Amino acid sequence: MTRPVSGSARRDAGPASAAPAGAGVASTGDRLPPRRPRTRPPGRVARAASGVATRVGPSGAFAAFLVLGLLVITAASSLFAGLYVAVIDDDSVALLDEPALHLAMDVRSPWLDTAVTVFTEAAGVYAVPIVGVAVIVVLAIRRRQWVPVVLGLTAGAGSLLMTEVGKELVGRDRPPRADAVPPYETSPSFPSGHTLNASVVAGIVAYLLVLRQMRRATRVLTYVVAVAFAASVSLSRVYLGHHWLTDVLAGWLLALAWLALVVVAHRVRLRLLEGRHAEGDASEARGR
C-alpha cells in the first residue's frame, strides 16, 4: 500500500524533481563540462582569469574562441602554402630535409628499425582507421547521438581527401631507397598521409572525449596522449626514410587547420542550438 505524501513533502520534492525547460540540451548535448567547486582558494592567475571571464560573459568567451579558431586556421593554412611553394619552386627545403634524414640514419639500429616498422604499420593499418572508428562508434552509442559519427566521418574523409589530392598534385619523390628501411613505399611523398590521418583522427577523438570529461587533469592527459601518438607516428616516417621532414610538417599543418575548422563549426552549431532553446524557453514562459 502506498503511503500518502504530505503537502510539505510535495513542496520539497517539486523543485528538485522538475527539470527546467531546455535541460536536455545541457545534459545530453556536447559541450565542455561546467567547472567543479574548488576545494581550496584560487591562485592569483586563476582569480584574474575568473575576473576576465565574468566581465566578458558567455558571448564574449565564445567570440574569443571563434577568433582564436579562425587565427589558427589562417596561420596553419598560410604556413602550409609557404611550405608548398618551397617544395615546388626551390630547393631551400633541403636545408631541413637532408640533415633530418642523415640524423635518422645515424641513430638507426636493427632492433629499433624493426620496432619502429611494426609500430608505424600497426598505427597506419589498425590504430588509426579501426581503433579510431571503434572509439567514435562507442561514443555515439553511449551518448545516443550521431554527432561523434558525423564529426569523425567529416574529419577522416577530409584528411583522406587532402592526402590523395596533395600527393597527386605535387608528385614529390620519396627519399632514396638506399637511405630507407624496407618495406619501401611507392606512392608520392608530399604530404605524409600517415602524419595527416593520424593527427586528424587522434585530434577528433581527443576532442570528443574532452567534451564530457569533468576533471581538468583528465582533459590535459587526453590531449597529451593524442599529441604524443600523432607525433610518434609522424617522426617514425622520417626515421624509416619513408618521408622527408617537410612532408611531415605539411601533414601537421594541414591537420591543424582542418581540425580547427571542424571544431569551430561544431562549436558554432552548439551555440546556435543553445540560442534556439533559449528562445523556445522564453516563448513558453510568455505563453503561460
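Residue numbers for the sequence shown follow full-length UniProt numbering, beginning at 1 and rising by one. C-beta: ideal position from N, C-alpha, C; glycine also. Small disclaimer: the values here were computed from a predicted structure and weren't measured.
Own chain partners of residue i with C-beta closer than 6 Å, once the 5 adjacent residues on each side are dropped
i	result
HIS194	GLY124, VAL233 and ARG237
VAL93	ALA86, VAL87 and THR246
ASP97	TRP244, LEU245 and THR246
ARG177	TYR184
TYR84	none
GLY60	none
Residue i - containing alpha helix (DSSP H), residue span
i	result
TYR207	193–210
VAL93	Premise fails: VAL93 is in no alpha helix (DSSP H) and is neither H nor E.
SER236	216–239
ILE141	132–143
GLY158	147–170
VAL118	110–122
Anticipated Cβ contact below 8 Å, residue i with residue j, distance rounded
i	j	result
VAL87	VAL170	7 Å
TYR207	VAL263	6 Å
PRO175	TRP244	6 Å
VAL205	VAL135	5 Å
Neighbourhood of residue i by C-beta distance below 7 Å, restricted to the same chain and skipping five residues each side
i	result
PHE65	ARG267
ALA104	VAL238, TYR239 and GLY241
ASP113	VAL181
THR117	VAL181 and LEU240
LEU68	none
Alpha carbon of residue i to alpha carbon of residue j, nearest angstrom
i	j	result
ALA122	ALA265	31 Å
LEU273	ALA155	21 Å
LEU259	ALA250	14 Å
GLY203	THR120	18 Å
ALA230	VAL131	14 Å
GLY82	LEU209	33 Å
residue 297	GLN145	There is simply no residue 297 to check, as the chain begins at 1 and stops at 288 in what is shown.
ALA140	TRP252	27 Å
LEU101	ARG219	35 Å
SER159	ARG215	30 Å
VAL165	PRO99	28 Å
VAL138	ALA127	15 Å
ASP89	LEU95	14 Å
LEU70	ARG142	31 Å
ARG225	ALA157	For the record, residue 225 in the displayed sequence is Val; it is not Arg. VAL225 and ALA157: Cα-Cα distance of roughly 23 Å.
PRO110	THR186	23 Å
PHE80	LEU221	28 Å
ALA217	ARG108	36 Å
ALA48	ALA115	Residue placement at ALA48 cannot be trusted, given a pLDDT of 48 that sits under 50; what the coordinates show is reported in the next sentence. So the two alpha carbons sit approximately 48 Å from each other.
Among the options, nearest to residue i - alpha-carbon criterion
i	options	result
LEU151	MET162, LYS167, VAL133 and VAL225	VAL133
PRO148	GLU98, VAL181, ARG212 and LEU96	ARG212
ASP106	GLY166, ASP179, GLU164 and LEU71	ASP179
PRO188	VAL201, LYS167 and GLY60	LYS167
ALA76	THR117, VAL227 and LEU261	LEU261
SER78	ARG269, ARG271, LEU256 and LEU270	LEU256
ALA198	ASP90, VAL227 and PRO110	VAL227
PRO129	ALA115, LEU153 and ARG142	LEU153
ASP91	PRO110, VAL137, SER159 and ARG172	ARG172
Cutoff 8 Å; reference residue i; Cβ partners in own chain excluding five residues on either side
i	result
MET162	PRO191, LEU196, LEU254 and TRP258
ILE73	ALA257, ALA260, LEU261 and VAL264
GLY235	Going by the sequence as given, residue 235 is Leu instead of Gly. The residues are VAL248.
Distance cut-off 7 Å: residue i Cβ against heavy atoms of the ligand PLP
i	result
ALA231	Absence of the ligand PLP is noted for the structure shown, with no ligands found whatsoever.
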